[in-house]
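Heads up: the sequence shown runs through residues 180 to 585, numbered per the working numbering. What follows is one structure encoded as structure tokens, with my remarks underneath.
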Amino acid sequence: MRIVTAPRVLVVIGTRPEAIKLAPVVRAARAVAFDVQVCVTGQHREMLRPILELFDITADHDLDLMTPGQTLSGLTAAALEGTTRVIEACNPSWVIVQGDTTTAMAASLASFYRGVPVAHVEAGLRTNDKRQPFPEELNRRIVDDVTDFHFAPTERARANLLREGHSPATVRVTGNTGIDALRHAISLDYEMGRGPLAALPHDRRTVLVTAHRRESFGAGMVAICRALLQLVDEVEDIQVVYPVHLNPNVQDPVREHLSGHERITLLPPLDYVSLIQLMRASVLILTDSGGIQEEAPTLGRPVLVLRDVTERPEAVEAGCARVVGTNAPRIVREARRLLEDATAYRRMAHVANPFGDGHASERIVNALRIAPPHTNSLAPLHHVPMPDFTWAPIGAMPAGSTNGES
């Protein structure tokens, strides 16, 4: 009698965004009896644990790679060595990585060296500028070059991969798994009156700000701070809420310029569910986060992107995001337009999310189920464009909003 064993997949996670976007894949794979091994490298050690607990996931392998003063080169070398050992120990049919981190790049190279097929979740994103974002743009190009299964979140990402010469047989458009995670998070009970958001004022419109990108360190961060000071001076009924990244390159200028202002609230980094609830409670989001660019349209919140380029132009083209860079006058001008012009606000808030429908993880797992183990091609399938993601945004505007949304 032939014994059929469940396929074993190794899921490698380094940062909080990776955990958010891979946790739904882990759950979907286990739901169809995959043997799933989870390896964490510890790039975001303290921020990883709450995400894994939220999705009831326990790490099988913990590399604990981070050391004080570690360079990118040192982290890359440690991640490459560490993930190689794990791959050798668990002998997976596939290794699954996500996005553009040093962890994803190192794990994909380790898999390639060991002859294990790689599945890349969120494949095909590009700015076409290898230094923006740094080092993520180069990381994801390396990952895609050694990947066997490209799971692209959008048709544009698929087109990027095909333009670079990747075989159509290796590419599937699935939507973004971050939307799967988001829809799980907003289904949970949450009390705004308790926890890290309890002290936020309720008599003003909330403007959420997040900014932490390496390419904005220095003058860019200072310009963002100056824009926020000007914005609260010119728009009297808003409260800027800024969860500040722990990196000193962010902490130092933000606290120097923004501490002590009555209508600017600086918070420590928030847990994932609290951040989602803060997004829901906000009327406008200013961010350089890729994940927030993807999530905000589902919540019906316009986004101003604090970067010069974005690898997620779908949101800009759909009309739910606008790139403003770190130019202070432009940030203030675009924010005021949305805060003061109800028609302009509605045009950006009432847009279907171009990034997914909450079922990307199921599509990924279904593709892997029919892919022969230790292969470098997905099962033959005629490409069928993803359906338009046209559900209504989740959540109404906060009480007292004057932005014109009912």
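We put the CB at the ideal spot given by N, CA and C, even for glycine.
Taking C-beta atoms as the reference points, Val511 and Leu410 count as a pair closer than 7 Å. Nearest in C-alpha terms to Thr444, of all of Gly193, Arg351, Leu379, is Leu379. DSSP places Cys499 outside any beta strand (DSSP E), giving it a letter other than H or E. Between the segment 217–232 and the segment 256–270 there are three or more inter-stretch CB-CB distances shorter than 8 Å, so the stretches are counted as touching. Secondary-structure assignment with DSSP links Cys218 through a beta bridge to Val191, His240. When Cβ pairs closer than 8 Å are counted between the two stretches, the segment 484–492 is seen not to touch the segment 432–441, the count staying below three.
Shortest Cα-Cα distance from His424 to any of Phe396, Ala238, Gln418, Asn318 involves Phe396. Contact between the segment 459–466 and the segment 513–522 is present, with at least three C-beta pairs closer than 8 Å. Across the structure, Pro203 and Asn545 are spaced so that their CA atoms are roughly 13 Å apart. Taking 3 residues as the shortest admissible run, the segment 367–440 contains the following complete beta strand (DSSP E) segments, listed from N- to C-terminal end: 384–389, 417–422.
When C-alpha distances from Ala338 are compared across Phe328, Arg351, Thr250, Tyr421, the shortest belongs to Arg351. Its chain contains Pro432 as the residues whose beta carbon lies nearer than 6 Å to that of Met400, once the 5 sequence neighbours on both sides are disregarded; these appear in chain order. Following the DSSP letters along the chain, one finds Phe330 inside the beta strand (DSSP E) bounded by residues 328–331. For Val265, no beta strand (DSSP E) encloses it; the enclosing alpha helix (DSSP H) starts and ends at 251–269.
The beta carbon of Leu341 sits closer than 8 Å to those of Pro347, Val350, all from its chain and outside the five residues before and after it, given in chain order. The C-beta of Gly535 has 16 or more other C-beta atoms within 10 Å across all chains shown, which makes the residue buried. Of the other Cβ atoms in all chains shown, 16 or more fall within 10 Å of the Cβ of His391; this residue is therefore buried. Per DSSP, His363 is one residue of the alpha helix (DSSP H) stretching across 356–364.
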